[in-house]
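Per numbering that gives the first Met the number 0, the sequence shown starts with residue 0, numbered consecutively.
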Amino acid sequence: MRSAGEASQRSTREDWAEWMRHFSIALLKESPSPALRTCARLAQLQPSVGRELFAAGFASCWAQMTESSQEQLVRSLKTAFSSQNIPPEILATLLNLAEFMEHDEKPLPIDTRLLGALAEKCRAYAKALHYKEMEFEAVCSKKMGANPVTVVESLIHINNQLHQHEAAIGILTYSQQHLEVQLKESWYEKLHRWDEALRAYTMKSSQASGPLQHSQNLDATLG
Numbered sequence: 000m001r002s003a004g005e006a007s008q009r010s011t012r013e014d015w016a017e018w019m020r021h022f023s024i025a026l027l028k029e030s031p032s033p034a035l036r037t038c039a040r041l042a043q044l045q046p047s048v049g050r051e052l053f054a055a056g057f058a059s060c061w062a063q064m065t066e067s068s069q070e071q072l073v074r075s076l077k078t079a080f081s082s083q084n085i086p087p088e089i090l091a092t093l094l095n096l097a098e099f100m101e102h103d104e105k106p107l108p109i110d111t112r113l114l115g116a117l118a119e120k121c122r123a124y125a126k127a128l129h130y131k132e133m134e135f136e137a138v139c140s141k142k143m144g145a146n147p148v149t150v151v152e153s154l155i156h157i158n159n160q161l162h163q164h165e166a167a168i169g170i171l172t173y174s175q176q177h178l179e180v181q182l183k184e185s186w187y188e189k190l191h192r193w194d195e196a197l198r199a200y201t202m203k204s205s206q207a208s209g210p211l212q213h214s215q216n217l218d219a220t221l222g
């Protein structure tokens with residue numbers, strides 16, 4: 000199982016496709032579930048079956064593994080997540096695995112900031128929203144030292160992509176009231192709140208002074 004999950008030597012898209020095929024079949028073969036083991040032969044003939052059952056096979060094997068084996072598998076998953084050449088469909092399968100394990104109350108020890116960034120990269124905005132909301136809650140409770148401005152900006156973008164404009168406005172309002180976040184004028188633009196954006200740019204222009212006056216005035220005028 001550890002050998003099948005080893006990802007350090009994978010570099011090309013073809014390498015990753017073969018890794019996913021081999022790994023998913025190995026999970027089914029080694030699964031303690033008779034129903035999943037029965038599907039291993041079919042997965043050898045039809046790789047899409049192995050990918051569909053990847054999360055179920057992984058979860059069934061995970062519970063039987065030693066702690067050191069689990070740690071090695073997590074390292075392999077992190078290697079896959081950080082690869083620049085991994086195909087989007089395989090990355091989506093791995094994100095589905097992380098979600099499946101969380102629903103199964105066995106969350107993988109992988110930073111939610113990484114999962115959120117990857118979900119956003121894959122345009123899996125519902126997943127990205129889940130992870131970014133977890134990050135936002137951690138920032139609000141001081142459990143995470145992330146930059147609140149970055150998190151707020153991401154949440155506004157993701158909610159807009161999901162057409163949840165009221166939620167995006169709610170994040171902005173909450174950040175103003177509780178996090179002392181210095182608002183960016185462009186956030187109002189993303190929310191299509193043109194009058195407020197105009198007022199913010201006008202105020203920025205009137206307050207510009209010192210060595211940064213020229214660039215601030217230019218930004219405000221363009222805005």
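Here a beta-carbon is modelled for each residue, glycine too, at the ideal position from N, C-alpha and C.
Check, Outcome
"State the CB to CB distance for the pair Lys131 and Ile157, rounded to an integer number of angstroms; the pair is presumed to be in contact (CB under 8 Å).", "6 Å"
"So, with DSSP's three-state summary, where would you put Ile85?", "coil"
"Taking buried to mean at least 16 other C-beta atoms within 10 Å of its own C-beta, is Ala39 buried or exposed?", "buried"
"Three or more C-beta pairs closer than 8 Å, one from the segment 15-29 and one from the segment 43-61: is that the case here?", "yes"
"Could you tell me which whole alpha helix (DSSP H) segments of length 4 or greater appear in the segment 123-192?", "124-139, 147-160, 164-173, 184-189"
"Report buried or exposed for Gly49, applying the criterion of at least 16 other Cβ atoms within 10 angstroms of its Cβ.", "buried"
"State the DSSP-derived secondary structure class of Arg9, mapped to helix, strand or coil.", "coil"
"Sorted by chain position, which residues of the same chain lie with C-beta nearer than 6 Å to Glu188's C-beta, five sequence neighbours on each side aside?", "Ala196"
"With DSSP run on the structure shown, which of helix, strand or coil describes Gly222?", "coil"
"Could you tell me whether the Cβ atoms of Ser10 and Ser32 are closer together than 8 Å?", "no"
"Helix, strand or coil, according to DSSP, for Glu104 in the structure here?", "coil"
"Is it buried or exposed, Ser153, if we count other Cβ atoms within 10 angstroms and call 16 or more buried?", "buried"
"Quick one: what does DSSP say Leu52 is sitting in, helix, strand or coil?", "coil"
"Taking the alpha helix (DSSP H) that Thr111 falls in, what are its first and last residues?", "111-120"
"Short check: CB of Leu94 to CB of Ala116, under 8 Å?", "no"
"Checking 8 Å against the spacing of the C-beta atoms, do Ser174 and Pro147 come in under that value?", "yes"
"Return yes when the Cβ of Met133 is within less than 8 Å of the Cβ of Thr149, no when it is not.", "no"
"With the cut-off set at 8 Å, would you say Leu27 and Ala42 are in Cβ contact?", "yes"
"Can you determine whether any heavy atom of the ligand MG sits closer than 7 Å to the C-beta of Ala6, and answer yes or no?", "Among the components modelled here there is no ligand, and therefore nothing to report on the ligand MG."
"Suppose you measure from the CA of Arg198 to the CA of Pro46; what does that come to, to the nearest Å?", "56 Å"
"Rounded C-beta distance between Ile89 and Ala97? I'm assuming under 8 Å.", "Not a contact, Cβ separation roughly 13 Å."
"How should Leu128 be labelled, buried or exposed, when 16 other C-beta atoms within 10 angstroms of its C-beta is the threshold for buried?", "buried"
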